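Below is one structure; the comments refer to it alone.
2 protein chains.
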Amino acid sequence: MADLNVYEVLNRKRRGAPIEAREIEQFIEQYTLGAIPDYQMSALLMAIAINGMTTEEMATLTQAMLHSGDEWHLRNEYDFIADKHSTGGVGDKVSLVLSPWVAACGIKIGMLSGRGLGHTGGTLDKLEAIPGFNARLSREDFNRCVAEAGCVISTSTEGIAPADKKIYALRDVTGTVESLPLITASIMSKKLAMGASALVLDVKTGSGAFMRKYQDSKALAQSLIAAAAGSGTRVEALITDMDRPLGIAAGNANEIIETIEVLKGNGPADVEFVTRAQAQRTLVLSGKFDDASAAAALEDALRSGRALDQARAWITAQGGDAKIVDDYSLLPQPKTTIEVKAPQSGFITFMDTYQAGMFTVDLGAGRKKADDVIDYAAGVMFDRRTGDEVRAGETIARIQLGNAKRDAAELTKRFLSFVTFGDTKPEERPLIHEHLT
Amino acid sequence: MADLNVYEVLNRKRRGAPIEAREIEQFIEQYTLGAIPDYQMSALLMAIAINGMTTEEMATLTQAMLHSGDEWHLRNEYDFIADKHSTGGVGDKVSLVLSPWVAACGIKIGMLSGRGLGHTGGTLDKLEAIPGFNARLSREDFNRCVAEAGCVISTSTEGIAPADKKIYALRDVTGTVESLPLITASIMSKKLAMGASALVLDVKTGSGAFMRKYQDSKALAQSLIAAAAGSGTRVEALITDMDRPLGIAAGNANEIIETIEVLKGNGPADVEFVTRAQAQRTLVLSGKFDDASAAAALEDALRSGRALDQARAWITAQGGDAKIVDDYSLLPQPKTTIEVKAPQSGFITFMDTYQAGMFTVDLGAGRKKADDVIDYAAGVMFDRRTGDEVRAGETIARIQLGNAKRDAAELTKRFLSFVTFGDTKPEERPLIHEHLT
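Chains as they are written, first to last, in this note's numbering: chain L, 37 to 473; chain P, 37 to 473.
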């Protein structure tokens with residue numbers, strides 16, 4: 037293989053000219069090994085962030101990053117195993133509901149997930165609110181959980197896509213986080229390294245999404261699908277709404293409770309609806325269901341209580357205390373709850389969901405820096421949301437404090453700063469905007 | 037002063053949004069001190085190379101880089117002292133001819149110059165072909181030479197624009213050399229740090245120039261002038277032709293001989309013409325001459341032999357052996373000379389002057405890497421140049437070899453590969469294209 041001319045690659049990407057597959061592969065390989073220094077990689081990242089990449093370049097970059105470490109090829113070990121990924125939102129507990137629900141229909145789910153950083157919550161953080169729950173599984177334990185419970189959610193191991201870890205850390209300090217090809221390669225290198233049979237993507241859009249604008253969300257969804265071409269993992273995406281929090285609860289322990297409530301058939305309709313749609317696509321992708329039989333199977337799993345039983349088995353398989361399903365007092369409890377009252381009568385016309393997410397993080401429910409410690413009991417209950425009619429003085433939200441002592445008036449004021457009231461009911465946004473394959 | 041948010045600056049430059057003067061200043065200051073790592077600077081350099089800079093940003097960058105080290109403020113020490121800079125070319129000995137010529141008219145010249153790298157020769161390398169010549173002067177010796185000889189050309193000291201040295205080394209390995217604002221800031225930070233009263237820029241254009249295309253050369257000239265706004269140094273530019281070598285000689289010792297020949301009134305007309313134009317602008321910028329009196333003074337200095345005497349005084353002041361002016365055998369002599377014959381009769385219609393420069397470098401007359409050793413005797417005499425009519429078998433060039441042993445047939449073949457012959461005389465290009473102020 038010819039030697040890589042780093043200087044020439046950087047020059048070409050600066051001018052917006054194409055770079056060859058071989059060059060991308062060698063660049064990533066040598067950077068991962070430490071043979072290419074950070075200052076050359078950061079120059080390449082900035083050139084990519086500004087000049088973009090062709091679909092082919094992006095797919096090659098994704099492949100090169102996934103080849104930098106372990107490849108699990110799960111689809112070779114199982115008849116069918118599905119993965120699911122969300123671009124992140126506020127109150128997004130879809131993965132938690134979906135996993136046992138789909139497993140209860142006989143379809144296996146395996147996910148390597150991340151912790152929360154910034155305004156969105158992290159699936160693993162929520163699971164770790166359950167006493168004893170172990171999210172750091174070895175490859176063997178991962179397989180054991182699939183065998184015992186039909187589903188598993190674990191943290192990504194060190195061995196998966198080390199190039200992504202190194203590149204992500206560099207992007208974080210060089211102003212190159214916002215880049216469609218780099219975001220795509222980062223997400224998909226990890227997903228494709230696990231190598232599920234199918235992957236359902238939940239791409240959020242709206243004020244609480246990573247991509248606020250619809251066109252950006254759609255471009256991301258298309259980019260993620262394109263990057264998987266030829267990988268052996270079938271990928272579909274649903275663009276779902278994140279212009280208001282999903283469900284009532286945002287936090288960790290409170291989202292576990294809401295997850296269980298949905299599985300008991302008592303959850304907020306939006307969470308159930310959005311999860312059901314993704315679960316249905318997962319069943320159909322297995323080839324064992326069509327849309328009608330998938331819908332029927334999901335309905336039956338929920339109404340019969342089998343989905344809830346599967347959640348108990350799953351929690352137990354990952355070392356957690358399944359008694360929380362029937363006794364929420366076993367979960368971390370808030371020490372104080374502050375009720376936020378509506379300052380006027382009328383409709384909630386808008387809630388800046390990014391601000392709502394950052395508010396929740398600031399209570400201790402999430403991380404602003406990677407080493408922040410999570411306060412599992414902290415969170416917010418959005419009792420009234422965008423589109424709801426409220427009366428002045430009515431409780432519209434409950435702020436749950438864990439260990440932190442905070443000023444109630446100040447928190448209430450800040451909460452109300454991101455909520456807009458008006459006289460007319462705002463136009464309703466669909467919960468599911470589009471299905472892309 | 038507010039803390040610099042490096043991440044935010046990088047993000048903004050990535051999006052093509054403006055960055056503030058304070059941010060540019062702090063970025064350069066902290067990078068020079070080592071507080072900002074290479075990987076953040078290389079990301080900024082790439083963003084600048086792609087998205088450009090406003091004139092104001094570029095001028096601020098130039099100022100920040102010049103403030104990173106010593107500032108000589110020469111214009112405060114002298115009634116008037118001029119600087120001259122060339123963007124580089126093949127056979128470009130204009131600085132060597134101009135300095136004693138202008139000094140002979142009573143106008144002081146002070147230059148901090150560079151060594152050659154790549155296809156263009158270096159003024160200091162040429163001077164160091166003179167036995168004993170010392171181009172590494174202290175600030176005190178620099179002033180002494182001005183006092184003794186009215187002119188001086190020295191290497192830039194370590195203290196001048198250290199930010200530029202550090203940034204240039206990084207650009208060299210991150211594909212960010214080709215960038216108008218970065219080129220401008222690099223050149224002008226060093227020039228303005230010396231702080232002459234006036235600076236005449238010789239911006240070359242054509243196949244042997246740093247910028248081959250006229251529009252790029254003009255943009256560079258305009259950019260260099262704009263970067264000096266408000267600096268206290270008056271800057272003008274002449275765009276001169278470098279589509280063929282300047283003069284007959286390209287090398288080091290042979291260019292010193294050609295310089296002396298011009299000062300004796302026997303030099304190639306193009307060298308004398310281009311130098312005279314720049315010398316005249318220098319005299320006029322002093323405020324002591326108008327165009328007519330400047331032209332008369334230059335003519336008198338040349339014809340009277342005072343310019344040549346000034347060259348003797350200058351060489352002596354910088355420790356060189358002034359006897360070389362009258363005895364060229366005291367200069368390094370080529371051991372072998374290979375005559376290149378015209379393979380056909382007709383006109384030389386084009387000579388790729390970049391290739392001619394690289395050919396000269398390969399003989400040992402220049403550097404491909406910074407630590408290459410110069411062979412002062414090596415070079416090329418372009419006896420026939422673009423536009424000249426030649427007869428088949430006539431000598432069109434002499435390749436001068438110093439210490440290297442080389443195959444004559446191979447060198448001849450390579451030489452002819454960058455020369456084009458034809459039946460009709462090519463259109464003549466002006467030697468001076470434009471004067472910009």
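Backbone N, C-alpha and C define an ideal beta-carbon position, used for all residues, glycine too.
Just so it is clear, the structure is predicted and the values come from calculations on it, not from any experiment.
| Query | Result |
| --- | --- |
| What's the C-alpha gap between L/G516 and L/D177? | Look at the range of chain L in this structure, 37 to 473, and you will see that residue 516 of chain L is not part of it. |
| Are the beta-carbon atoms of L/E430 and L/A229 separated by less than 9 Å? | no |
| L/L472 bridges to which residues according to DSSP? | L/A273 |
| Note down, in chain order, every chain L residue with its Cβ under 7 Å from the Cβ of P/Y43. | V209 and G211 |
| Can you give the Cα-Cα distance for P/A285 and P/D74, rounded to whole angstroms? | 41 Å |
| If I measure Cβ to Cβ from L/L160 and keep anything under 6 Å in the same chain, skipping five residues before and after, which residues do I get? | S149, R151, A171 and T191 |
| May I ask you to report which of helix, strand or coil DSSP gives P/E107? | coil |
| Should L/I203 and L/M77 be called a contact, given that it needs their Cβ atoms to be closer than 9 Å? | yes |
| Comparing C-alpha positions only, which one of P/L80, P/E92, P/G70 and P/N439 sits nearest to P/L260? | P/E92 |
| Specify, as a first and last residue, the run of the alpha helix (DSSP H) that L/R180 falls within. | R175 to A185 |
| Quick check: the stretch 295-306 of chain L against the stretch 400-413 of chain L, are at least 3 beta-carbon pairs closer than 8 Å? | no |
| P/I86 touches chain L at which residues, Cβ-Cβ below 7 Å? | R50, A83, I86 and N87 |
| Is there a Cβ of chain P sitting closer than 9 Å to that of L/D74, yes or no? | yes |
| DSSP has P/L148 in a bridge; who is on the other side? | P/S190 |
| What would DSSP say about L/V455, mapped onto helix, strand or coil? | strand |
| Using a Cβ cut-off of 9 Å (strictly closer), state whether P/N47 contacts chain L. | yes |
| Could you tell me whether any Cβ in chain P is nearer than 9 Å to the Cβ of L/E214? | yes |
| Are the C-beta atoms of P/L259 and some chain L residue less than 9 Å apart? | The sequence shown places Ser at residue 259 of chain P, not Leu. No, no contact with chain L. |
| Is there at least one Cβ from chain L nearer than 9 Å to P/M37's Cβ? | Here P/M37 scores only 46 on pLDDT, less than 50, and its place in the model is too uncertain to base an answer on. |
| Pairs of beta-carbons, one from the stretch 178-185 of chain L and one from the stretch 342-358 of chain L, closer than 8 Å: are there three or more? | yes |
| Would you mind telling me which residues of chain L sit closer than 7 Å to P/A205, beta carbon to beta carbon, in chain order? | Going along chain L, no residue has its Cβ under 7 Å from P/A205, so there is no contact; the nearest lies around 10 Å. |
| When you compare each of L/E335, L/E291 and L/A83 to L/V126 by their alpha carbons, which one comes out closest? | L/E291 |
| Among P/G287, P/L437, P/R442 and P/S104, which has the Cα closest to the Cα of P/E194? | P/S104 |
| Shorter than 9 Å from the beta carbon of L/I104 to some beta carbon of chain P? | For clarity, residue 104 of chain L is Ser in the given sequence; the question names Ile instead. It does not; no Cβ of chain P falls within 9 Å. |
| Give the C-beta separation of P/L256 and P/I84 to the nearest angstrom, bearing in mind that I take them to be a contact with Cβ-Cβ under 8 Å. | With a Cβ gap of about 16 Å, P/L256 and P/I84 do not count as contacting. |
| If you measure from the beta carbon of L/M77 to each beta carbon in chain P, is any gap under 9 Å? | yes |
| Would P/G154 pass as a contact of P/D388 if the rule is Cβ separation under 9 Å? | no |
| Here's a check: name, in chain order, each residue in its chain whose Cβ is nearer than 7 Å to the Cβ of P/L40, leaving out the five neighbours to either side. | E59, Q62, F63 and Q66 |
| For P/D443, which option in P/L399, P/E113 and P/T473 has the closest C-alpha, if you only look at C-alpha atoms? | P/L399 |
| What's the C-alpha gap between P/R48 and P/I86? | 13 Å |
| For L/G415, count the other beta carbons within 10 Å of its own beta carbon; 16 or more makes it buried, fewer makes it exposed. Which is it? | buried |
| Once you ignore the five residues that flank L/E164 on each side, which residues in its own chain have a CB closer than 8 Å to its CB? | A171, N288, I410 and Y412 |
| Would you tell me roughly how many angstroms separate the C-alpha atoms of L/P370 and L/Q436, rounded to the nearest one? | 6 Å |
| What first and last residue would you give for the alpha helix (DSSP H) that runs through P/R48? | V42 to R51 |
| Can you give me the C-alpha to C-alpha distance between L/G268 and L/P136, rounded to a whole angstrom? | 25 Å |
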